[in-house]
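Participant:
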Amino acid sequence: MKKQFTNPEALPSWPDFFTNVVTVTVNNIETIYISGQIGLDQHKNLVGEGTLADQTTQAFKNLSIALTSVGSNLGDVVKLTIFVVNYNSDNLAVIGEAISHYFPNQKPACSLVGVKFLALEQLLIEVEAIAVKQISV
2 MKKQFTNPEA
12 LPSWPDFFTN
22 VVTVTVNNIE
32 TIYISGQIGL
42 DQHKNLVGEG
52 TLADQTTQAF
62 KNLSIALTSV
72 GSNLGDVVKL
82 TIFVVNYNSD
92 NLAVIGEAIS
102 HYFPNQKPAC
112 SLVGVKFLAL
122 EQLLIEVEAI
132 AVKQISV
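Residue numbers 2 to 138, in my numbering, belong to the letters of the sequence shown in order.
Here it is, written out as structure tokens:
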């Protein structure tokens, strides 16, 4: 088993607290664990203050960047966990639209969790992912 820890330069990073991407390789299978991606750009600027749709788009863009940094893509995602601040049923349309956009074919397994707040006060959504891919050995 091999483990690789990656903090892509194109993502906001807090290396003292966590790693953005952890890849575990066993035989010819890579399992990729993506830490919660949020509505911040690489310079830690908030994208879409108070706007769930804009923060959701940025979180999924960051997810794509994280996957690309280790030679993967959204098509390898098998599980999403999405945390939404003060969730209500109106949020489902926004989140569903993003999932349909970024996963137009096969949708990954997904858990949607309503929370009171996230790590930073202005954040409205956080998206974690697990991806799996076969590699050549």
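Ideal placement from N, C-alpha and C gives every residue a C-beta, glycine not left out.
Helix, strand or coil, according to DSSP, for V138 in the structure here?
Facilitator: Taking the first residue of the sequence shown as position 1, residue 138 is located at position 137. Here V138 sits in coil by DSSP.
Participant: What are the boundary residues of the alpha helix (DSSP H) that I35 is part of?
Facilitator: Counting from 1 along the sequence shown, the entry for residue 35 is found at position 34. Secondary structure note for I35: it is in no alpha helix (DSSP H), and the uninterrupted beta strand (DSSP E) holding it is 30–38.
Participant: Is there a Cβ from chain C that is less than 9 Å from the Cβ of F104?
Facilitator: Of the protein chains in this structure there is only one, and it is not chain C.
Participant: Take the Cβ of K45 as the centre, count every other Cβ of all protein chains shown within 10 Å, and call the residue buried at 16 or more, exposed below.
Facilitator: Looking up residue 45 in the sequence shown gives position 44. The residue in question, K45, is exposed, as its Cβ has fewer than 16 Cβ neighbours within 10 Å.
Participant: For L53, which option in D91, I35, L81, K117 has the closest C-alpha, if you only look at C-alpha atoms?
Facilitator: Counted from its first residue, the sequence shown places residue 53 at position 52. Answer by Cα proximity: D91.
Participant: Please go through the same chain and pick out, in chain order, the residues whose beta-carbon is closer than 6 Å to the beta-carbon of W15, but skip the five residues on each side of it.
Facilitator: Looking up residue 15 in the sequence shown gives position 14. No residues qualify anywhere along the chain.
Participant: Is V86 near the ligand GDP, with its Cβ less than 8 Å from a heavy atom?
Facilitator: In the structure shown, the ligand GDP is absent, as is every other ligand, since no ligand is present at all.
Participant: Could you name the residues that DSSP lists as bridge partners for K5?
Facilitator: Indexing the sequence shown from 1 puts residue 5 at position 4. Lys is not the amino acid found at residue 5; the sequence shown has Gln there. Answer is T24, bridged to Q5.
Participant: Once the 5 residues before and after Q135 are set aside, which same chain residues still bring their CB inside 7 Å of it?
Facilitator: Mapped onto the sequence shown, residue 135 falls at position 134. If we look at Q135 and ignore the five residues flanking it on each side, its Cβ neighbours are N29, I30.
Participant: Compute the Euclidean distance between the alpha carbons of F118 and V85, then round it to the nearest angstrom.
Facilitator: Residue mapping note: residue 118 aligns to position 117 of the sequence shown, counting from 1. Residue mapping note: residue 85 aligns to position 84 of the sequence shown, counting from 1. C-alpha separation (whole angstroms): 8 Å.
Participant: With a cut-off of 8 Å on the beta carbons, I'd call Q59 and G40 a contact; round off their distance for me.
Facilitator: Taking the first residue of the sequence shown as position 1, residue 59 is located at position 58. Taking the first residue of the sequence shown as position 1, residue 40 is located at position 39. Sure, about 4 Å apart at Cβ, within 8 Å.
Participant: Could you check what DSSP says for F61 in three-state terms: helix, strand or coil?
Facilitator: Position 60 of the sequence shown, counted from the first residue, corresponds to residue 61. Three-state DSSP puts F61 in a helix.
Participant: Have a look at S65 and N74 and give me their C-alpha separation to the nearest angstrom.
Facilitator: As a first step, residue 65 is located in the sequence shown; it is residue number 64 there, counting from the start. As a first step, residue 74 is located in the sequence shown; it is residue number 73 there, counting from the start. For S65 and N74, the distance between alpha carbons rounds to 6 Å.
Participant: Thinking T20 and T7 are a contact (beta carbons under 8 Å), I'd like their distance in whole angstroms, please.
Facilitator: Position 19 of the sequence shown holds residue 20. Position 6 of the sequence shown holds residue 7. Contact between T20 and T7 holds: their C-beta atoms lie close to 7 Å from each other, under 8 Å.
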